[in-house]
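See structure below.
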Amino acid sequence: QKKRDDTRRKILEEELAVEEKALAQARKELADGEATRQGDERNYQRYLDRVQGLKERVSQHERNVGALKQELANLR
Numbered sequence: 048q049k050k051r052d053d054t055r056r057k058i059l060e061e062e063l064a065v066e067e068k069a070l071a072q073a074r075k076e077l078a079d080g081e082a083t084r085q086g087d088e089r090n091y092q093r094y095l096d097r098v099q100g101l102k103e104r105v106s107q108h109e110r111n112v113g114a115l116k117q118e119l120a121n122l123r
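Everything in the sequence shown is counted per my numbering, starting at 48 for the first residue and increasing by one.
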């Protein structure tokens with residue numbers, strides 16, 4: 048049981064590290080995306096749609112990080 052818990056903790060910690068890295072990347076892409084409009088975005092709605100997609104990615108990664116941290120807290 049202890050060995051299984053240790054293995055599970057290690058896997059969760061690795062997943063958390065990967066997810067935190069993805070979150071940082073998504074936040075960077077959001078900041079970059081908000082700062083610039085692309086050439087095909089003469090229509091402001093296209094810009095808003097693209098930025099909304101970036102915000103949703105950040106939100107998804109934040110939820111994943113929270114869930115992984117909760118799982119780790121439950122193991123301890």
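Every residue, glycine too, gets a C-beta built ideally from N, C-alpha and C.
These figures come from a predicted structure and were not determined experimentally.
| CA-CA distance, Arg-55 and Tyr-91? | Translated into positions along the sequence shown, residue 55 becomes position 8. Translated into positions along the sequence shown, residue 91 becomes position 44. Cα-Cα distance, rounded: 46 Å.
| said: Taking 7 Å as the limit between beta carbons, can you name the residues of its chain near Ala-69, skipping five residues before and five after? | reply: Here the question's residue 69 lines up with position 22 in the sequence shown. Taken in chain order, the residues that qualify are His-108.
| query | Can you give the Cα-Cα distance for Asp-79 and Arg-51, rounded to whole angstroms? | reply | Within the sequence shown, residue 79 is the residue found at index 32, counting from 1. Within the sequence shown, residue 51 is the residue found at index 4, counting from 1. Each residue's alpha carbon lies about 42 Å from the other.
| query | The alpha helix (DSSP H) with Gly-86 in it runs from where to where? | reply | As a first step, residue 86 is located in the sequence shown; it is residue number 39 there, counting from the start. From DSSP, Gly-86 is part of no alpha helix (DSSP H); its letter is neither H nor E.
| request: With a cut-off of 8 Å on the beta carbons, I'd call Tyr-94 and Glu-88 a contact; round off their distance for me. | output: Within the sequence shown, numbered from 1, the residue matching residue 94 stands at position 47. Within the sequence shown, numbered from 1, the residue matching residue 88 stands at position 41. Yes, they are in contact, since the Cβ atoms of Tyr-94 and Glu-88 sit about 4 Å apart, within 8 Å.
| Cα separation between Ala-82 and Lys-49? | Locating residue 82 in the sequence shown gives position 35, where the first residue counts as 1. Locating residue 49 in the sequence shown gives position 2, where the first residue counts as 1. Going by the C-alpha atoms only, they are around 49 Å apart.
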